[in-house]
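If you read the sequence shown in our numbering, its first letter stands for residue 325, the second for the next number, and so on. Don't be surprised by glycine CBs; every beta carbon is placed ideally from N, CA and C. Here's the structure, in structure tokens; my notes come after.
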Amino acid sequence: MIETIVESERLRLRVPGAADRATLHGWFGDRQVMADLGPVRDAVTSDEVLARHDGYRADGLGFWMVERRADGVPVGFCGLKPSDPGRPLAGELEIGWMFGPAHWGQGYAGEAARAVIDWAWAHRPDSRIVAVTARVNVKSQRVMERIGMRAEPTLDYEHPSYPEGDRLRDSVVYVIDRPAP
Ligand SMILES: CC(C)(COP(=O)(O)OP(=O)(O)OC[C@H]1O[C@@H](n2cnc3c(N)ncnc32)[C@H](O)[C@@H]1OP(=O)(O)O)[C@@H](O)C(=O)NCCC(=O)NCCS
């Protein structure tokens, strides 16, 4: 039985299993998915990313498979990680998402991200959650705004993984604070 983390009206977030690998490789290898996210990945580099997420699971973090409750179809990958060491937000709790293009435009990313944020307030001690994306990734910023995150331009930075002049280097930061008790 694969562990369910949290459910929302239409979605279930669960720990990914071996059977999800092909789906995740498909998304990491898809030009449309990766357009504003990073280099299109082959199976080896996709597995490297997935291994990083698995590495956070012992701490209760990691990205989770988002599946539709009605039919069990995987629609996305969404969750929490410790913000990368050596970057300005190191040590913060960072949310992120990637959905299959066939499942865009239905509010699934927003619904999954809201569920992740509620889960975080219940299970993590952090006082805020951050999200980072390339300035050109307008679709992702729309998700951030829809789920109640606010732009925090004082935290914006130049992403060190991309060279000067790369369109993905200029990164924007959004924040959501833990609601008052
Ligand atoms: C970023 C990404 C997840 C956004 O997906 P999305 O489907 O546009 O986002 P949402 O799930 O919030 O859906 C919102 C859209 O669904 C529509 N929608 C339809 N039914 C809806 C419902 N029941 N509830 C909410 N929105 C609904 C909204 O009107 C909105 O459409 P619009 O953007 O045309 O106005 C997706 O583009 C993606 O995976 N991109 C590639 C990976 C990536 O860049 N990740 C971000 C890294 S930082």
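- DSSP places LEU385 in the coil class of the three-state scheme, outside both helix and strand.
- With a cutoff of 7 Å, TRP421 counts as near ligand 1, since its C-beta is closer than that to a heavy atom of the ligand.
- In this structure LEU479 is not in contact with ASP360, their Cβ atoms being roughly 19 Å apart against a cut-off of 8 Å.
- Between the alpha carbons of ALA436 and GLY429 lies a distance of about 13 Å.
- Unbroken alpha helix (DSSP H) runs of no fewer than 4 residues, entirely contained in the region 386-472, are found at 432-447, 462-470, following chain order.
- Here the region 461-469 lies against the region 342-362, with 3 or more beta-carbon pairs under 8 Å apart.
- With respect to VAL499, VAL454 sits close: the two C-beta atoms are nearer than 8 Å.
- In this structure, TRP428 has its CB closer than 7 Å to one or more heavy atoms of ligand 1.
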